[in-house]
Structure formats: C-alpha cells, structure tokens
Amino acid sequence: TVSFQDGVSPTAGYGGTVTTYIWGTNPATDRSAETTYVVDTTVGNATDDRRGLLKFDLSSIPTNATVVGATLEQWISAEGQGWKVYRMLVPWTGTSTYNSLVGGVTNDGIEANSTESYHNGVNLDTIVNVTVRDNMLVSDIQGMVTNPSTNYGCLIKGLDEATGDGV
C-alpha cells in the first residue's frame, strides 16, 4: 500500500502530490502557495469556472506493479455540489495558471479526456468539514504507473453545470 498526502514529500512511505486550481477571472494568478483548491461552475460563463488540478508523484511505485485499487480522500471545507474527474493529457505544474494553460483546461480529448473517469454527485449544500472518499478509476492510475511519462494527473470540474455550484 502506498499513500499520498498533499504537503508531504515523497519519503517515509508517502508520495507527494501537486494541487492547484485555475480561474479565468484571475487568469495570471499562481495559486501554488494556496493550501486548498476550488472547483466551481458558473452557468453561461466558462471563464469564471474554477477547475482543480491534482497530480500524484507515483515515481516510488515500480512500473511493473499492478494497481488493485485507488481511493481519493478529500477534505471538503465549503458547501457545494459534486465534481467530475478527468485524466489530464497535457503537462502542468503547481504554478500553472489559466493563461499558461492557454485559456484554461477543457475535457476536450486534447487537454483532458473527454470522458470522465468518475464523478461524485453528493449534494454538499449542507455538509461541510467532512472527508469524502471516492474510488478512482484503477485503469487511469495503472496507466500513470506503467508509463510515468503520461502522469499528468487529473482535471476536476464542478458537477452541477445546469445551475452552477462547486466545492
């Protein structure tokens, strides 16, 4: 079993993570120093969407290892709706911005997969300060382990595109 924790370097049984979010309303803002990321949807204004990026340092796992399960635990500190997760197809860093990613990131099959890996549809409008666990798509993680050069992590978008809400 290998665990990954934001803010923990990939030593002592842990792998590190990189998280950030991009927001077209503040397109040049580097959010690498922030301790949270925001996922939010604004109906009719994709530039105002905030999209999370999450990547794991999987280099401690041998490329011939078999992934049998993967769970993502996230601490939810603000109300909102659920999220959709897509495997990223292009490189990014914690200092990436809306501008550096050339107008943000979309799940268009070029920047991120067009088909979601999984989603969490839990209505969190009245639930805050909880840990939420999701089973990640094993084939996504297996692909990143087997071929480390394709480990670009995940795009996380707000689930509620009809009325607009995020987490």
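The sequence shown begins at 1205 in our numbering and counts up by one. Using N, Cα and C, we set each Cβ at its ideal position, and we do this for glycine too. Please read these numbers as outputs of a predicted model, since none were measured by experiment.
Within 7 Å, strictly: CB atoms of leucine 1341 and alanine 1316
no
In three-state terms, what does DSSP make of valine 1342?
In this structure, valine 1342 counts as helix in the three-state DSSP scheme.
Below 8 Å, how does it come out for the region 1278 to 1291 and the region 1262 to 1270: are there three or more Cβ pairs, yes or no?
no
Mind checking threonine 1301: buried by the 16 CB within 10 Å criterion, or exposed?
buried
Measure from the alpha carbon of asparagine 1168 to the alpha carbon of each residue in Val1243, Val1206, Pro1295 and Gly1273, then state which is nearest.
Residue 1168 falls outside the range modelled here, since the chain spans only 1205 to 1371, and no answer is possible.
Rank Thr1223, Ala1237 and Leu1363 by C-alpha distance to the C-alpha of asparagine 1311 and give the top, closest one.
For the set Thr1223, Ala1237 and Leu1363, the Cα lying nearest the Cα of asparagine 1311 is the one of Leu1363.
Chain-order list of residues whose beta-carbon lies under 6 Å from that of glycine 1298 (same chain, five-residue window excluded)
Excluding sequence positions up to five before and after glycine 1298, its CB lies within less than 6 Å of the CB of Val1222, Thr1224 and Ser1236, all in the same chain and listed in chain order.
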